[in-house]
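Residue numbers (the numbering used here): 27 to 178.
Take a look at the structure:
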């Protein structure tokens, strides 16, 4: 009888150790930052939006991920100064959110929790329409649109 009790105790103990190993592995995967993850889906959106002080801003937005991920935004301000074009590159994290029964793309320079610049777009798989910071439509006769150029 003692042997059965000892055997059951060892089986229980080994099951607990295996469970702890699985939990530790799951925590490691969950703790990866968005920048460290491998992304299968990559999309490139392009467009020219209006500029008050130049002849237009050529935007290229690269998104990595499906519903959350990282981005890189390259903005080329055409004829911005004496030296010609000016280029600004920003990067950070993005996610899709649902607001007012519509999907919006939310870009956060830096991380989603702490951002120095936020941008919003009305999300459609093939077209992005830039929105105000509060998610409202931009009231303008000019196009604030980026079109899907490439998807992997």
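Beta carbons are placed, not taken as given, at the ideal position from N, Cα and C, and that holds for glycine.
- Where residue 56 falls: helix, strand or coil (DSSP): Annotation note: pLDDT 48 at residue 56 (below 50); position unreliable, coordinate value reported separately. Correct three-state label for residue 56: helix.
- Query: Could you give the uninterrupted runs of the beta strand (DSSP E) lying entirely in the segment 96-134, keeping only those of 3 residues or more?
  - Reply: 110-125
- How many Å lie between residue 141 and residue 163 at the Cα? 22 Å
- Mind the definition here: the segment 96-112 touches the segment 122-130 only if three or more C-beta pairs lie below 8 Å; say whether that holds. no
- Beta bridge counterpart(s) of residue 85 as assigned by DSSP: 73, 101
- In angstroms, rounded to a whole number, what distance separates the CA positions of residue 115 and residue 126? Computed Cα separation, rounded: 30 Å.
- Local Cβ density within 10 Å of residue 146, reported as buried at 16 or more and exposed below that: buried
- Message: Tell me which residues share the same chain as residue 77 and place their Cβ nearer than 7 Å to its Cβ, disregarding the 5 neighbours each side in the sequence.
- Response: 83, 103
- Message: Going by C-alpha to C-alpha distance, which of 158, 121, 95, 134 sits closest to residue 64?
- Response: 95
- Compute the minimum distance between the beta carbon of residue 87 and the heavy atoms of the ligand ZN, and state whether it is under 7 Å. Ligands in the displayed structure: none, and consequently the ligand ZN is not present.
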